[in-house]
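Q:
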Amino acid sequence: MTHNDIGHVDNLDKTQIETLKTCWITLLERISKESSISIDEIVGSSQGDVLFRSVGYDNPDVLILRWLRARKWDVNAAVQQLIDTLNWRYERGVDKLLAKGENELLIEELMSGKAYFMGYDKMGRPIN
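Residue numbers (our numbering): 39 to 166.
Now the structure itself:
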């Protein structure tokens with residue numbers, strides 16, 4: 039698959055464009071309703087933060103289209119799956135892990151006894 043395949047950002051028919059718009063509206067309304075905040079407040083909220091960090095440096099429509107294609111263009115199913123994913127990312131602290139790196143995670147594993155170091159190699163790197 040390439041980005042020029044049907045159903046991708048630069049290759050949408052009129053129905054798919056309307057479905058994409060509907061999906062955005064439905065997603066923002068669901069976040070607003072579940073968070074008890076207005077749609078205008080989503081950008082500065084924790085839910086909006088998780089949503090837009092998920093996009094990264096990509097086109098935001100790419101994220102939405104990924105779920106729409108996965109759910110065969112069913113807006114409600116795509117929105118539900120996306121919200122479930124965003125909640126999972128928030129609950130698991132994925133963004134914190136990405137920001138801080140895996141060092142903190144490794145320290146937790148060492149302290150719990152799940153991982154250990156055997157020593158160091160000739161270059162001073164840890165061997166586990």
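In this text, a Cβ means the ideal position worked out from N, Cα and C, and glycines have one as well.
(1) To which residues does DSSP link Ile-165 through a beta bridge?
(2) Classify Asn-49 as helix, strand or coil using the three-state DSSP reduction.
(3) Taking DSSP as the reference, what is the three-state secondary structure of Ile-102?
(4) Three Cβ pairs or more, each shorter than 8 Å: is that satisfied between the stretch 98-111 and the stretch 66-75?
(5) Measure how close the beta-carbons of Val-117 and Thr-64 come, nearest whole angstrom, since I'm counting them as under 8 Å.
(6) Are Thr-60 and Val-113 touching if we call contact CB-CB under 9 Å?
A: With the given structure in hand:
(1) Ile-165 is bridged to Gly-157.
(2) In the structure shown, Asn-49 sits in a strand (DSSP, three-state: E or B).
(3) Of the three classes helix, strand and coil, the one that applies to Ile-102 here is helix, per DSSP.
(4) Here the stretch 98-111 does not lie against the stretch 66-75, with fewer than 3 beta-carbon pairs under 8 Å apart.
(5) So it is a contact: roughly 5 Å between Cβ atoms.
(6) Yes, these two residues count as a Cβ contact at 9 Å.
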